[in-house]
């Protein structure tokens with residue numbers, strides 16, 4: 018959402034007030050740190066003396082660096098209560114470890130399918146399944162990295178759904194083939210069902 022030139026500068030307080038939510042932002046902000054709205058391209062001049070060092074901001078907030086609103090994407094230090102970075106607009110990771118569950122399950126799923134590529138002869142015998150496993154593994158590792166950094170964007174949310182969908186399709190197919198051959202094939206599709214459940218349960222944090 019873009020503020021089409023409606024943000025205003027409170028010169029007395031060196032603040033940019035967002036027209037969408039009324040949130041107050043430091044002078045020179047490009048995005049609202051409350052709702053994430055982008056300010057107009059005409060720009061707002063940053064008043065003299067507004068810039069602070071990261072150390073000064075952390076001391077003022079009396080918080081350690083990881084809790085002082087440090088942006089995982091650009092490294093900018095934001096107000097401690099900010100939901101979005103006022104410099105690049107990225108959603109700030111709230112708290113510590115709130116996405117760790119997603120990191121773990123995406124790593125487990127990705128490593129499982131990648132190892133299966135090397136050692137599962139049924140997977141190697143089917144080109145479509147092999148490609149499905151490879152894509153699932155690579156995207157799974159990438160999403161684990163994204164969740165670890167807390168730098169989730171709107172388009173990465175779609176990738177987050179692609180991984181479990183491909184994972185369920187590929188591992189489910191191999192599971193039923195294993196059953197028909199009376200082989201020992203673990204129900205790996207459960208990993209990706211849990212992945213979907215975890216995405217749903219953590220949707221407010223993503």
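Numbering (our numbering), first residue to last: 18 to 223.
Where a beta carbon is used, it is the ideal one built from N, C-alpha and C, also for glycine.
The model shown is predicted, which means the values in this text are computed figures rather than measured ones.
**OP:** Would you decide whether residue 145 is buried or exposed? Buried here means 16 or more other CB atoms lie within 10 Å of its CB.
**Re:** exposed
Original post:
Which whole-angstrom value is the C-beta distance of residue 147 and residue 134, which I expect to be below 8 Å?
Top reply: 7 Å
Original post:
Does the beta-carbon of residue 206 have 16 or more other beta-carbons within 10 angstroms, so that it is buried, or is it exposed?
Top reply: buried
Subject >> Pick from 161, 188 and 42 that is closest to residue 94, judged by C-alpha positions >> reply: 42
Subject >> C-alpha distance - residue 130 paired with residue 120, whole-angstrom precision >> reply: 16 Å
Subject >> Own chain partners of residue 215 with C-beta closer than 8 Å, once the 5 adjacent residues on each side are dropped >> reply: 118, 119 and 122
Original post:
Assuming residue 127 and residue 157 make a contact with CB atoms under 8 Å, what is their CB distance in whole Å?
Top reply: 3 Å
Subject >> Pairwise C-alpha distance: residue 168 and residue 180 >> reply: 18 Å
Subject >> Cross-strand partners of residue 108 (DSSP beta bridge) >> reply: 101
**OP:** Using the DSSP secondary-structure output, state which residues sit across from residue 174 in a beta bridge.
**Re:** Its beta-bridge partners do not exist; DSSP assigns none.
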